[in-house]
Amino acid sequence: MGFEITIQKSENSRIGNFDPQNIGFGKIFTDHMFLANWDGKTWTNPRIVPYGPLELSPATSAIHYGQAIFEGMKAFKNMSNGKTLIFRPLENCHRLNRSAERMVMPSVPDDLFMEGLTQLLEIDEEWIPKTEGGALYIRPYMFATDDFIGVKPSETFIFAIFCCPVGPYYNKALKIKVEDEFSRAAPGGVGFTKCAGNYGASMYPTLKAQQEGFDQVLWTDPVSHQWVEETGTTNLFAVIGDTVITPALTPTLLAGITRDSVIQGLKHLGYNVEERGLSVDELKAACKNGSLKEIFITGTAATLISIQGFGHKGEYFEVLDNGNTDASQSIKNFLDAIRYGKAEDVFNWNVEI
Ligand code: COI
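Each step along the sequence shown adds one to the number in the numbering used here, with nothing skipped, and position 43 is 43.
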C-alpha cells in the first residue's frame, strides 16, 4: 500500500531558538509533525504540518478512558558523513502495534509508519543534534478521538509523530527504591504495552520515592514484590560475578528495544548474559557479599545509566562505589559507535535516510 503524504511547511522556523549546547530533554519541539486519521476503516489524510496544538472535542474518548499508546525512538547524525540514522524504527512500529491490539486500536502499517517518519525527519533534519551525546527523540503515538462519552472502543483515532532534539534524560547515577507496596502492572493487565495509563499510575509511587530521597522506583512483581521487573522509565541489568542478568520478559514487563540491543551487544562482546528471574534477595545478598559489580538501566530516553544504589524496606545498598562499570561502559561504547555511524552496524540496526 502506498501513502501519499501532503506537506504544509512552517513559515517561521523556530530553530533559531534552539541552543545545541544546552539541549535538555523534551521541552523543545521541531518545526513539523506528522498526522494521520483512522476513520473506522482505513488510515486517511496522512500529512506533515507545522508543529502546534490539536483541536479536540472535550469528549475525546482517549482523555476519559485511556485508549492512548506511544513509542520512544531516536535518530542520530552519522559523525562521518552527516547522514541521518534511525535506530531500529520498525521494532517501535511493531511494539506500537502490540500495544494497539491489546487496547483495541487499529494497527499502523509499516509503510505508513516509515514514510511518515522518514519524510518528517527529512523536513526537520536540521534539528538533529550534531554533537555526540545528542539525538533527535521521536515520539510516535496514537489516541482515540471519538466524540462520545459511553465506554466502548473508539472508532476513530489519530496517529501522530513529533520530535525533539535531546541531550541526556538523566545526568547522574540514580538511587532507586525497590517498591514493595505499589504495583505497576498485574498479570492479565497491560504492563507489556506502552499505554499512557501505565505512566499515569506510576506517578504517585514515584513522587513518594522521590520524597524519600530516591530518583526512581524499581518495580517488583505485583504478587510477592520479590522479583525485580523494571524502573519507571527503563529496563534493568545487574552484573553479578561474571554474569549480566536482566529480568526475563513477562506479561507485566515492557520489552525494551534498548534492552534487546544491550543483550545482543553484550553477547557479541563475549559477555555471559542471562534473562531470568532476579529476586530482590539475590540483589541484596550479592551486594553484601561483594559479587554485585554493577546495576545499570537502559531505555531509549535514558540510554544507559548506572545505579548508585538501591533502597529496600528502609535499608540502603550502595552499588556504584563498591563495584566497577566494565560491562555498562563496554556496551554503551558499542551501541554509541553504531548509533553515530562510527563502527560497523553488525546487526543492521540503523535505517539511513
Ligand atoms: C523512552 O525511553 O522512550 C520512554 O518512552 C520512557 C519514558 C521517557 C516515558
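Just so you know, even glycine gets a beta-carbon here, dropped at the ideal spot from N, CA and C. Owing to the predicted nature of the structure, the values given are computational and were not obtained by experimental measurement.
Beta-carbon proximity check, residue i vs residue j, cutoff 9 Å
i: PHE162; j: MET33; result: yes
i: PHE87; j: TRP349; result: yes
i: TRP219; j: SER202; result: yes
i: PRO251; j: GLY191; result: yes
i: PHE310; j: ILE297; result: no
i: GLU274; j: VAL319; result: no
i: TYR362; j: ILE257; result: Since the displayed the chain opens at 1 and closes at 353, residue 362 lies outside it and no answer follows.
i: LEU266; j: SER330; result: yes
i: PHE334; j: LEU236; result: no
i: GLY299; j: LYS77; result: no
i: ASN37; j: THR156; result: yes
i: MET103; j: THR42; result: no
i: LEU85; j: VAL351; result: yes
i: VAL108; j: PHE159; result: yes
i: VAL223; j: PRO187; result: yes
i: LYS9; j: ILE149; result: no
i: LYS313; j: VAL178; result: yes
i: PHE25; j: PRO168; result: yes
i: LYS208; j: GLN308; result: no
Opening and closing residue of the beta strand (DSSP E) in which residue i lies
i: ASN272; result: 272-276
i: HIS312; result: 303-312
i: HIS32; result: 32-38
i: PRO247; result: 243-247
i: PHE237; result: 235-240
i: LEU174; result: 174-178
i: LEU218; result: 216-220
i: ASN350; result: 350-352
i: ALA75; result: 73-77
i: ALA68; result: 68-70
i: TYR316; result: 315-318
i: LEU253; result: Neither: LEU253 is in no beta strand (DSSP E) and is coded neither H nor E.
Boundaries of the alpha helix (DSSP H) in which residue i is found, first to last residue
i: PRO205; result: 196-211
i: GLY265; result: 257-268
i: ARG98; result: 89-102
i: GLY116; result: 110-123
i: TYR51; result: Element bounds for TYR51: n/a, residue is neither H nor E.
i: ARG14; result: Here ARG14 belongs to no alpha helix (DSSP H), and DSSP marks it neither H nor E.
i: ILE128; result: No alpha helix (DSSP H) contains ILE128, which DSSP labels as neither H nor E.
i: ARG339; result: 326-339
i: LYS288; result: 280-289
i: TYR65; result: 61-65
Check: residue i C-beta below 8 Å from any heavy atom of the ligand COI
i: GLU229; result: no
i: THR193; result: no
i: GLU91; result: no
i: GLU71; result: yes
i: TYR204; result: no
i: TYR137; result: yes
i: TYR170; result: no
i: TYR316; result: no
i: TYR199; result: yes
i: GLY299; result: yes
i: ALA302; result: yes
i: THR233; result: yes
Classification of residue i by the beta-carbon crowding that lies within 10 angstroms, buried from 16 upward
i: VAL239; result: buried
i: ASP31; result: buried
i: SER80; result: exposed
i: PRO165; result: buried
i: TYR170; result: buried
i: LYS130; result: exposed
i: THR233; result: buried
i: VAL346; result: exposed
i: ARG259; result: buried
i: ILE128; result: buried
i: PRO153; result: exposed
i: ASN272; result: exposed
i: GLU229; result: buried
i: GLU71; result: buried
i: THR145; result: buried
i: GLY116; result: buried
i: ASP321; result: exposed
i: GLN211; result: exposed
i: ASP242; result: exposed
i: ASP221; result: buried
i: THR44; result: exposed
i: PRO425; result: Any answer about residue 425 is impossible in this case: the structure gives the chain only from 1 up to 353.
Proximity test, residue i beta-carbon vs the ligand ADP heavy atom, cut-off 8 Å
i: ALA100; result: Absence of the ligand ADP from the depicted structure is noted, with the ligand COI being the only ligands included.
Residue-level contact to chain B via CB, residue i, 9 Å cutoff
i: PHE3; result: This model lacks chain B altogether; it includes just one protein chain.
Checklist entry - Do three or more CB pairs link the stretch 3-15 to the stretch 34-53 at distances below 8 Å? => result The stretch 3-15 vs the stretch 34-53: in contact.
Next on the checklist: Across the stretch 171-189 and the stretch 56-70, are there enough close Cβ pairs to call them in contact, namely three or more that are closer than 8 Å?
Outcome noted: Two segments are said to touch when three or more pairs of C-beta atoms, one from each, lie closer than 8 Å; by this definition the stretch 171-189 does not touch the stretch 56-70.
Checklist entry - Between the stretch 12-20 and the stretch 127-134, do at least 3 Cβ pairs fall closer than 8 Å? => result At 8 Å Cβ cutoff, the stretches touch.
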